[in-house]
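Chains as they are written, first to last, in the working numbering: chain A, 1 to 164; chain B, 1001 to 1164; chain C, 2001 to 2164. Just so you know, even glycine gets a beta-carbon here, dropped at the ideal spot from N, CA and C.
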Amino acid sequence: MQQPDAALLATSTPEERLAAEGIVLPRAPGPLGAYRPWVIVGSLLMTSGQFPWREGKLAYTGRIGSSVSPRDAYAACRLAAINAIAQIKDAVGDLGRIKQIARIEGTMQVATGFRDHPKALDGASDLINSVFGEAGRHSRMLYTNTEMPLDTPVLLVVLAEIHG
Amino acid sequence: MQQPDAALLATSTPEERLAAEGIVLPRAPGPLGAYRPWVIVGSLLMTSGQFPWREGKLAYTGRIGSSVSPRDAYAACRLAAINAIAQIKDAVGDLGRIKQIARIEGTMQVATGFRDHPKALDGASDLINSVFGEAGRHSRMLYTNTEMPLDTPVLLVVLAEIHG
Amino acid sequence: MQQPDAALLATSTPEERLAAEGIVLPRAPGPLGAYRPWVIVGSLLMTSGQFPWREGKLAYTGRIGSSVSPRDAYAACRLAAINAIAQIKDAVGDLGRIKQIARIEGTMQVATGFRDHPKALDGASDLINSVFGEAGRHSRMLYTNTEMPLDTPVLLVVLAEIHG
């Protein structure tokens, strides 16, 4: 993918790139049950499923392709990625400790016949690529859930490798 | 989460805590196809999808929120977790070799409109937290399948880190 | 599982076994969005979701159990596994560098009431077992998606451990 400014990416930090995009990371959100929002195994950091929280409320609810437009689905995936980055920062402190974003797994609640979920998930991928640059170039998988907790249109899992 | 007896947790083994809960681990169940029930990669142990087997039969079948009550869904997740612990014990022999339960992934078969699956999955989380104590504090993700093999209401995957 | 010729498996390479099955690996297919087809974390190689591509086109589309027969579903899973092996070869060059295939995750688009997806997924498992022999004996998980990108009946994820 094209990056807007390769020189900037090479010299700036993920935190600076977040600021350049006007993104203020929220507090890492708590879980919806008897589990933790993230765990580290060796050098691998795994988040639990992240919702599109904004200021303590779900910014989007519903089914992608009916009550949630493709444009809002893209935005919801981007917002869930912001929450995932907040978890990662909570786990490692300094985002410069991330060697690479290894994987994004997007799970979506879609309407019958809606097949453009990969474009929606690009909302998460584009942000991760933009914030982490070359270190953000992740693998990906897409799932759908028939019904979602809190009627969220998306749950996002991010796996990241931490520098040894 | 609150643990009933922190002193007990600090000194007892997972096997002792299973016994204290009255749980006798079954034999590790075999697979439903040409695969293995668990694999170890480095220090990471991954189970295949675990069913709620009891004495060689599925103790629960059907769709959560219609033929399977929320209470039975919780019990099915707990039972699938018992089967997962049996796989882990088959893999490592002594559960004290588990450094941490890193992740639970619950995949459920739910009725239209049923959104309380996180509470059902707590059936697995609560048991893992209780048996493994601090080492059981896992990350989590929830999926739904439209149709399940053998009509099981849940398939449970557990990832665990083994002491080096 | 039974292998047709244990002596052959012990002495031949995965590439030789592919040739013996008459399989010519395709070029590793590109992604459907802003992500990479595979990533390596430490010794763990993860593919993104692999489609049943044949010569640049999806060889199978539709819903397993209605427009896609069980036999074609098995073939689609086998073909997706061939594409996954192409990704693995793109990542490591020589398939002999694979210590083990750790996991297959099959995600399927199935018709209402269709429950024989484990047999379909054996199309991937049988091939991996045949090509990688003892090193192919993987764990497995099965998901369903309500709707699939490009109407594919299956997306296949493969995790492999690379020799250190």
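For S125/A, the uninterrupted alpha helix (DSSP H) run begins and ends at 117 to 132, by DSSP. In the DSSP assignment, L2044/C falls within the beta strand (DSSP E) that extends over 2044 to 2047. Taking the CA atoms as reference points, L2044/C sits about 6 angstroms from I2162/C. Using a 10 angstroms sphere on the CB of S2066/C, the tally of other CB atoms stays under 16, which defines it as exposed. Residue pairing by DSSP puts L1156/B in a beta bridge opposite Q1050/B, G1106/B. With a threshold of 16 other beta carbon atoms within 10 Å, T1107/B meets it and is buried. A Cβ-Cβ contact shorter than 8 angstroms links S1139/B with A1102/B. Residue pairing for Y143/A: DSSP places it in a beta bridge opposite T107/A. Residues P1037, Q1050, F1051, W1053, N1083, A1086, Q1087 of the same chain have their beta carbon placed closer than 8 angstroms to that of P1029/B, with the five preceding and five following residues left out of the count. Straight across, the Cα-Cα distance linking E1016/B with S69/A is about 52 angstroms. The alpha carbon of I23/A has as its nearest neighbour, out of V131/A, R115/A, S48/A, L142/A, the alpha carbon of V131/A.
DSSP, reduced to helix, strand and coil, places V1092/B within a helical segment of the structure shown.
Neighbours of V110/A in chain C, taken as residues at a C-beta separation under 9 angstroms, are given in chain order as N2145, T2146, E2147.
The Cβ neighbour count for L150/A, taken over all protein chains shown within 10 Å, is under 16; the residue is labelled exposed. Residue contact check for P1118/B against chain A: a CB pair falls below 8 angstroms. In chain B, no part has a C-beta under 7 angstroms from the C-beta of T61/A; the shortest such distance is about 11 angstroms. When the alpha-carbon of D1116/B is set against those of D116/A, G93/A, K57/A, T146/A, the nearest one is in T146/A.
When CB distances to chain B are screened at a threshold of 9 angstroms, the residues of the segment 9 to 41 of chain A falling below it are P31, L32, G33, A34, Y35, R36, P37, W38, V39, I40, V41, in chain order. Counting only residues of its own chain and dropping the five nearest sequence neighbours on each side, G1164/B has a CB closer than 7 angstroms to the CB of S1043. Per DSSP, reduced to three states, the secondary structure at L2079/C is helical. E2055/C sits in coil when the DSSP states are folded into three classes, being neither helix nor strand.
With a cutoff of 8 angstroms on beta-carbon distance, A1091/B and P1153/B are scored as not near each other. Per DSSP, the unbroken beta strand (DSSP E) holding I1040/B starts and ends at 1038 to 1041. For chain C, none of the residues of the segment 1068 to 1092 of chain B brings a beta carbon within less than 8 angstroms of one of its beta carbons. Residues of the segment 2042 to 2058 of chain C that bring their beta carbon within less than 9 angstroms of a beta carbon in chain A comprise G2042, L2044, M2046, T2047, S2048, G2049, in sequence order. Nearest to G1056/B by alpha-carbon distance, out of I1040/B, L1025/B, D1072/B, is L1025/B. Remark: C-beta atoms of A2124/C and I2104/C approach each other more closely than 8 angstroms.
For E15/A, the enclosing alpha helix (DSSP H) starts and ends at 14 to 20. Counting only the Cα atoms, S48/A lies some 8 angstroms from Y35/A.
Of G2113/C, Q2109/C, F2114/C, R2137/C, the smallest CA-CA separation from L2156/C is found for Q2109/C. Leaving aside the five residues that flank A2111/C on each side, the residues in its chain whose CB is nearer than 6 angstroms to its CB run, in chain order, R2063, G2065, S2066.
CA-CA distance, A20/A to T2011/C, rounds to 56 angstroms. Taking C-alpha positions only, D2122/C is separated from P14/A by approximately 43 angstroms.
With distances taken between CA atoms, V1039/B lies nearest to G2136/C out of G2096/C, G2136/C, A2059/C.
Excluding residues up to 5 positions away in sequence, V1039, L1159 lie with their Cβ nearer than 6 angstroms to the Cβ of M1046/B in the same chain.
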